[in-house]
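A.B. asks: What follows is a structure written as structure tokens; I'll ask about it next.
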Amino acid sequence: ACGVLAGSDSHDFRFEALLAYERSPGSVFFLGYTRQFQDTAAFDFRRVQPVADGFFVKLSYRFRM
Numbered sequence: 003a004c005g006v007l008a009g010s011d012s013h014d015f016r017f018e019a020l021l022a023y024e025r026s027p028g029s030v031f032f033l034g035y036t037r038q039f040q041d042t043a044a045f046d047f048r049r050v051q052p053v054a055d056g057f058f059v060k061l062s063y064r065f066r067m
């Protein structure tokens, strides 16, 4: 069954970046970053404070058989 969801009272937003480098077909290196911010009021942008940071690295390689 479907229902209506309640609205959120949090005033947080995130900045995210993703870089990908493909050295050869099938092998890709990913580097990502995210930063979460919290504001005191919606769309105020005067008292924005960082809450959390995160990095990740991923290497993808295709094995041929």
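Okay, so the sequence shown: first residue is 3 according to my numbering, each after it adds one. Idealized CB from N, CA, C, for every residue including glycine.
Less than 8 Å between the C-beta atoms of valine 53 and aspartate 11, yes or no?
C.D. replies: no
A.B. asks: I'd like the list of long-range same chain contacts for tyrosine 63, defined as Cβ closer than 7 Å, with 5 residues on each side in sequence excluded.
C.D. replies: Gly28, Ser29
A.B. asks: Considering only C-alpha positions, which residue in the set Asp55, Phe65, Arg66 is nearest to phenylalanine 17?
C.D. replies: Asp55
A.B. asks: Note down the Cα distance separating phenylalanine 40 from phenylalanine 47, rounded to an integer number of angstroms.
C.D. replies: In the sequence as presented, phenylalanine is not what sits at residue 40; that position holds glutamine. So the two alpha carbons sit approximately 9 Å from each other.
A.B. asks: Which partner residues does glycine 56 have in the DSSP bridge list?
C.D. replies: Thr36
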